[in-house]
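Notes follow once the structure below has been shown.
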Ligand code: GAR
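Numbering (the numbering used here), first residue to last: 35 to 242.
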């Protein structure tokens, strides 16, 4: 059974999609053993608690400096010995130590087709604002492994979504979530939990 720790910052709709997929057996061989937020008021924490999942906040605001925050964050992760860490709308840069220790065991959902509209400064609604500013006709979402860069790790799954002429950032964000994010994040977790994912030469291979 794959032990999953989920990191969240906000509303937690992707977390909810994973909780629902486990409940409905669309993800098998996996359980969420802890949810951590950097934001103590994140609605995602309420979603976790409502599902009976251990949930806590580790906020940079509660520590003297970055180093103390990183230590506390690492402790909150390691005491649960997760097999997989899922960043589901987690908007804090991870401690490098954590990335080293959990190489190829951290995944992230990003609301665009990487390598478009990603990297520093591209997160949440801003991604969709930039997509509309540029006028691209297709966007989407990507699930990828996390390495030391920003949105640079091996890509696991992507799903394209059409941009409509009269979209607002909010409308587009909702469509990308519904048609892409809430589908490919649970799917990627199920693939990992069932041994279908390998990494070769920095690229993901998926067996059936
Ligand atoms: C999601 O759209 C996710 O892709 C994005 O934040 C949102 C969180 O929503 N993540 C990033 O932009 C990471 N660079 P949620 O809390 O409702 O799941």
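All C-beta atoms in this analysis are idealised placements derived from N, C-alpha and C, irrespective of residue type, glycine included.
Query	Result
Segments of 4+ residues assigned as alpha helix (DSSP H) that fall wholly inside the segment 150-226	159-168, 203-210
Per DSSP, cross-strand counterpart(s) of residue 20	The shown model of the chain, from 35 to 242, leaves out residue 20, and the question about it has no answer.
Under the three-state DSSP convention, the category residue 82 falls into	helix
CB-CB length for residue 68 against residue 88, believed under 8 Å	5 Å
Cβ-heavy atom distance, residue 202 to the ligand GAR, below 8 Å	no
Bridge-paired residues (DSSP) for residue 238	233
Within 9 Å, strictly: CB atoms of residue 143 and residue 123	yes
heavy atom of the ligand GAR below 8 Å from residue 288 C-beta	Lying outside 35 to 242, the shown extent of the chain, residue 288 is not represented and no answer is given.
Proximity below 9 Å, CB of residue 166 to CB of residue 206	yes
Cα-Cα separation between residue 126 and residue 72, rounded to whole angstroms	7 Å
Cβ-heavy atom distance, residue 211 to the ligand GAR, below 8 Å	yes
Residue 44 CB to nearest heavy atom of the ligand GAR below 8 Å	yes
heavy atom of the ligand GAR below 8 Å from residue 47 C-beta	yes
Residue 121 - containing beta strand (DSSP E), residue span	118-121
Minimum C-alpha distance to residue 158 - residue among 117, 109, 170, 42	42
Short Cβ contact (9 Å threshold) for residue 62 with residue 227	yes
Secondary structure of residue 108, DSSP reduced to three states	helix
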